[in-house]
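A.B. asks: So for the sequence shown, UniProt numbering puts the first residue at 1; every next one is plus one. Take this structure first; my questions come after.
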Amino acid sequence: MHSDSVEDDPIKTMASKCPMKDSLNKVESRSAVRGYVSDDPQLPERELAFYLVAMLSIVIYAGYGFYVTYGHDMTQNLPVQALKRGWMRDYKDIVVHPMFEQATNNWPQLTLASAGFLIVSKASLAFAPMNVHHLACSIYTLLMISIALSSKAAFALVFLYTVCLSLAYFSNPAVWILPSALLYSFSRVEVSAVLLSALEIQDDKLNTFSAMSSYLMCRLISLGHTLRTEVSEQPCGFRQYLLNNVPLSLAYTFYMPYTWSGPILTFDAFRKQLQSRGRRVEIDSNTISVVAWRVCRMVLWYYVLEMIYHYLPTGSYLLTLQPDVPIVYKHMSFSIYIHGQSFMLLCIQYFGWPAVLALLDGVELFHWPDCISWVYSYSIMWRVFDRGLFSVIQEHIYRPLGGSRRGPLRQFLALVASFLFVCIFHGDSASSRAWVTLNVVQLVMERLMIFVYYKYLRCAVMQSGEVEDDPIKSSASKCPMKDSLNKFESRSAVRSYVSDDPQLPKRELAFYLVAMLSIVIYAGYGFYVTYGLDMTRNLPAEALKPGWIRKYKDIGVQDLFERASNNWPRLVLASIGFLLPCGFRQYLLNNVPLSLAYTFYMPYTWSGPILTFDAFRKQLQSRGRRVEIDSNTISVVAWRVCRMVLWYYVLEMIYHYLPTGSYLLTLQPDVPIVYKHMSFCVYLNGQSFMLLYIQYYGWPAVLALLDGVELFHWPDCISWVYSYSIMWRVFDRGLFSVIQEHIYRPLGGSRRGPLRQIFALVVCFGFICAFHGDTANSRAWVTLNVVQLVMERLITFVYYKHMRCFITKYLSPQNEKRLTGYVIAWNMTASCGIIYFFLGGTKGFIIFPELLLLRSMSSHTPLWHLLTFQFGTYCAVQMGRYFEVKLKPALCNKAKKAKVTAE
């Protein structure tokens with residue numbers, strides 16, 4: 001794809017209102033493609049006639065031998081299971097051929113459906129506004145889909161269109177991600193089975209639905225990219241965007257002629273054709289003659305195709321080839337030739353009849369592929385076989401990635417991306433990957449050989465100095481000691497609604513601290529006596545692992561942590577090997593792109609944390625080319641390493657003596673639960689999960705710090721994080737920054753009103769659910785998260801807007817702080833239960849209601865255990881608020897400003 005002429009829009013030659021320009025258009029559309037081999041001097045006509053006779057003689061000779069061996073009596077040399085009854089008995093279990101058989105068997109129904117579409121289109125176009133015409137045509141198509149497949153299938157396609165249309169307003173990459181992921185998923189056998197069952201599609205309709213959905217995804221990609229480009233150039237509101245585009249886009253997506261089998265037409269080409277067509281479609285004698293000529297040709301080729309299937313079972317023969325069985329070369333070569341011709345004739349039927357129907361409606365589609373007998377280059381084949389697919393790839397993949405106008409490397413990248421989509425479109429399988437890979441290699445070799453020939457060899461071959469024109473030429477801060485200040489500033493706005501100036505007396509805070517520690521020690525001692533002294537007595541052996549890390553069984557992050565702790569010498573060597581070329585000599589070679597460095601940055605490659613690309617780039621810019629490891633940096637690294645080593649041994653001691661995770665995995669809904677044991681495990685399991693992430697995020701942050709890049713090093717201690725909305729900001733800051741920058745803010749966030757904020761919140765947690773694995777417990781965890789966050793904000797708004805002025809009349813500031821502390825404590829208890837839908841899997845359905853409602857049937861679980869746990873939570877809240885204000889002075893100033901603004 002070197003030539004600039006390849007960039008020409010292939011639809012331009014098809015957009016004329018006069019349909020009699022087929023032949024001329026075909027010649028003109030190929031002239032530029034074949035310019036590098038079409039020379040003015042032609043061979044003598046007698047020599048060309050000799051070539052034609054020789055080619056036909058070879059085909060007849062090989063075909064006669066094949067017919068005598070296999071066609072005369074197919075069952076003699078071909079297995080019966082490879083043949084079909086009737087004339088269509090050649091291709092077995094190949095997608096397009098069962099679909100073709102269904103079409104030929106159901107031609108009366110297809111004829112009636114086509115006639116009904118023309119009636120609806122003509123009537124609505126003549127008597128109704130244009131938007132009504134678009135809606136009427138699309139509704140009629142969806143009705144036909146409901147009759148042919150199922151109503152659920154039609155509804156699913158409409159839902160998919162709605163999602164893609166909405167995503168196009170917000171993001172360009174999202175337009176690609178969803179259809180491509182669905183195309184890839186539909187190629188999976190297990191997904192197809194589930195899809196058939198869910199949409200109530202009969203097994204014999206799978207091929208029809210697969211082809212229809214594949215072409216639909218391409219149209220949605222074209223629609224989304226075109227609309228997204230227009231929105232970026234001329235911004236408008238979402239409501240206005242829908243009003244402007246829904247009727248036309250719906251008509252394009254569900255246009256009756258190409259719904260079932262293609263061909264594809266880009267949205268821009270479809271819109272231009274409708275604009276040039278206007279409100280009147282005149283079927284004159286010229287159009288009738290073109291339609292009659294096309295129909296006669298398609299009927300003729302249909303019978304030729306049937307004769308091939310009946311007398312020359314080339315497909316069945318090719319399916320019987322084995323690597324250890326001798327092959328008759330003339331039979332195989334003849335089968336390859338006829339097999340390709342029959343595939344072309346099949347596509348003539350698939351694309352020809354929809355093009356005739358569209359032509360009667362005033363829209364001209366790519367009607368059928370060229371005869372492949374005279375297409376002698378694979379780069380040409382891609383342009384003249386399925387022109388619709390080629391136009392989509394050219395307009396929305398090849399050109400946006402640079403095409404032939406950005407140099408050979410950019411062109412090769414665009415070529416690979418194009419064929420990657422082709423692989424997904426045709427079903428991602430081993431054969432498809434091999435086919436696509438060989439396509440790329442062949443196209444690159446073609447262009448390379450053409451370049452070498454015209455550049456270096458043609459002068460010597462022609463023995464002349466006059467050579468024709470070459471057609472290929474178109475072809476944060478530098479100081480890392482700002483950890484604490486950065487953490488303070490990042491939370492200031494978050495906690496402004498609970499950070500008040502008046503503080504409780506220090507003696508009362510000391511009492512809360514002692515009470516909280518006493519409750520933890522009391523519950524922990526009872527748990528250790530019951531389970532820690534002899535784990536195998538009350539815990540099943542299969543829930544325990546040998547060695548110290550023996551708590552979590554078959555849970556991903558713990559297995560990763562165990563592997564990391566076992567392989568620490570290798571990780572140390574790898575880190576040193578990374579620092580040698582990066583931190584002390586030169587960070588990256590000059591020819592390595594920044595995006596590649598960001599994507600595969602060694603410190604956060606294995607376990608995180610995530611850093612946005614913008615933050616990474618800014619840090620590299622501020623760092624410069626020299627990384628100075630001064631005494632300040634060394635002290636920070638040493639302090640962090642000491643803390644992480646200390647917490648590592650604390651975590652190991654918890655795993656060894658307090659198997660809280662194993663205990664929680666043994667909980668059953670019909671078995672009595674000791675509340676103090678469960679509540680202690682809930683508390684300590686959360687702490688150990690935090691300590692685990694200190695290791696995951698701390699060591700990569702130390703390595704990055706030595707390289708002059710500051711990552712989010714570890715989560716805050718969760719003991720003083722008393723609000724779930726705060727937890728999302730201070731536990732995994734990297735994931736939060738990505739969601740905030742690329743999902744929450746682009747969708748409006750808190751600046752577009754409450755409804756837009758809730759919508760952004762739901763989308764964010766939808767991404768979180770997919771990020772952590774879309775399972776039943778993940779969905780429950782995410783749903784409860786959304787509910788709790790909405791409730792937090794709603795109660796906060798109601799309190800500060802309507803209740804606080806009343807409460808402060810009767811309560812002192814300290815008593816108000818105690819009252820709000822009790823309310824927050826219940827919220828914190830709910831947060832502790834919600835997280836176990838994620839940490840404990842299905843055990844969250846047991847832990848959450850038990851933690852809040854005391855549903856256990858055990859007489860050994862008195863009510864005061866619940867009240868004690870709640871009091872301990874209240875103490876943690878008050879201690880957290882104290883640390884927030886006294887130990888985080890940056891928060892207080894901004895909290896005051898936010899409060900004054902709110903009041």
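Backbone N, C-alpha and C define an ideal beta-carbon position, used for all residues, glycine too. A quick note: this is a predicted structure, and the numbers were derived from the prediction, not measured.
1. Are there 16 or more other CB atoms within 10 angstroms of the CB of D732, so buried, or fewer, so exposed?
2. Taking Cβ to Cβ, would you say F419 is nearer than 8 Å to V392?
3. Just to confirm my understanding: we take F883, look at its own chain, exclude 5 residues before and 5 after, and list those with CB closer than 8 Å. What are they?
4. Leaving out five residues before and five after F689 in sequence, what residues of the same chain have Cβ atoms less than 7 Å from its Cβ?
5. Could you check the C-alpha separation between S631 and G403 for me, to the nearest Å?
6. Under 7 Å Cβ to Cβ from residue 917, same chain only, skipping five residues before and after it: list those, please.
7. If we ignore side chains and look at the alpha-carbon of each, how far apart do Y598 and L620 end up?
8. Between the Cα of L747 and those of H133, Y169, P44, spot the shortest distance and give me the residue it belongs to.
9. Enumerate in chain order the residues of its own chain whose CB-to-CB distance from M653 is below 8 Å, with the five nearest sequence positions on each side excluded.
10. Going along the chain, which residues of its own chain have a beta-carbon closer than 7 Å to the beta-carbon of F767, five neighbours each way excluded?
11. Use the C-beta contact count for L580: other C-beta atoms within 10 angstroms, 16 or more gives buried, fewer gives exposed.
12. Could you give the DSSP three-state label for residue 905: helix, strand or coil?
13. Do you know how far the Cα of I119 is from the Cα of L112?
14. Counting only runs that start and end within the region 731-761, where is the alpha helix (DSSP H) found for 4 or more residues in a row?
15. From the DSSP output, in three-state form, read off R617 for me.
16. Closest to H396 by C-alpha separation, out of Y140, Y337, E741, M217, would be which residue?
17. Between the beta-carbon of I834 and the beta-carbon of W781, is there less than 8 Å?
18. Measure the CB-CB distance between L142 and A154 and report whether it falls below 8 Å.
19. In the DSSP assignment, the alpha helix (DSSP H) including I835 goes from what residue to what residue?
20. Mapping DSSP to helix, strand and coil, what is R881?
21. If we count the other Cβ atoms within 10 Å of its Cβ and call it buried at 16 or more, is N286 buried or exposed?
22. Go ahead and pull the three-state DSSP assignment for residue 907.
23. With distances taken from CA atoms, which of Y822, L684, I847 is nearest V674?
24. What does the alpha-carbon distance come out to for the pair S166 and P173?
25. Where are the alpha helix (DSSP H) runs, 4 residues long or more, that stay fully inside the region 233-261, in chain order?
26. What are the start and end residues of the alpha helix (DSSP H) that includes N301?
27. What would DSSP say about K809, mapped onto helix, strand or coil?
28. In three-state DSSP terms, what is C371?
29. Please report the residue range of the alpha helix (DSSP H) in which D716 lies.
30. Report the rounded CA-to-CA distance for A128 versus Q442, giving the unit in angstroms.
31. Just the Cα atoms here: how many angstroms apart are A460 and L409?
32. Determine, for T599, whether the minimum Cβ-Cβ distance to residues of chain D falls below 8 Å.
33. Say whether the region 313-320 touches the region 270-277, bearing in mind that this needs 3 or more beta-carbon pairs closer than 8 Å, one atom from each stretch.
34. CB A354 to CB L365, shorter than 8 Å?
35. Ignoring anything shorter than 4 residues, give me the alpha helix (DSSP H) runs that lie fully in the region 663-712, in order along the chain.
36. Assess, as a yes-or-no matter, whether the region 772-780 is touched by the region 788-806 under the definition of 3 or more beta carbon pairs within less than 8 Å.
C.D. replies: Taking the definition as stated:
1. buried
2. no
3. W720
4. L839
5. 51 Å
6. Nothing about residue 917 can be reported from this structure: the residues present for the chain run from 1 to 903 only.
7. 10 Å
8. Y169
9. none
10. I739, I743
11. Confidence in L580 is poor, its pLDDT being 44 and thus under 50, which makes the residue's placement unreliable; the coordinate value appears in the next sentence. Exposed: under 16 other Cβ atoms inside 10 Å.
12. This structure gives no information on residue 905, because the portion of the chain shown stretches from 1 to 903.
13. 11 Å
14. 733-739
15. helix
16. M217
17. yes
18. yes
19. Careful: I835 lies outside any alpha helix (DSSP H) and carries neither H nor E.
20. helix
21. exposed
22. The requested residue 907 does not occur in the structure, where the chain is confined to residues 1 to 903.
23. I847
24. 13 Å
25. 238-253, 256-259
26. As written in the sequence, residue 301 is Trp, which differs from the Asn given in the question. Looking at the DSSP string, the run of the alpha helix (DSSP H) that includes W301 is 285-311.
27. coil
28. coil
29. Looking at the DSSP string, D716 is not in any alpha helix (DSSP H), and its letter there is neither H nor E.
30. 52 Å
31. 29 Å
32. As a matter of chain content, chain D is missing from the structure shown, which is built from one protein chain.
33. no
34. Contrary to the premise, residue 354 reads as Pro rather than Ala in this sequence. Going by C-beta atoms, P354 is nearer than 8 Å to L365.
35. 675-706
36. no
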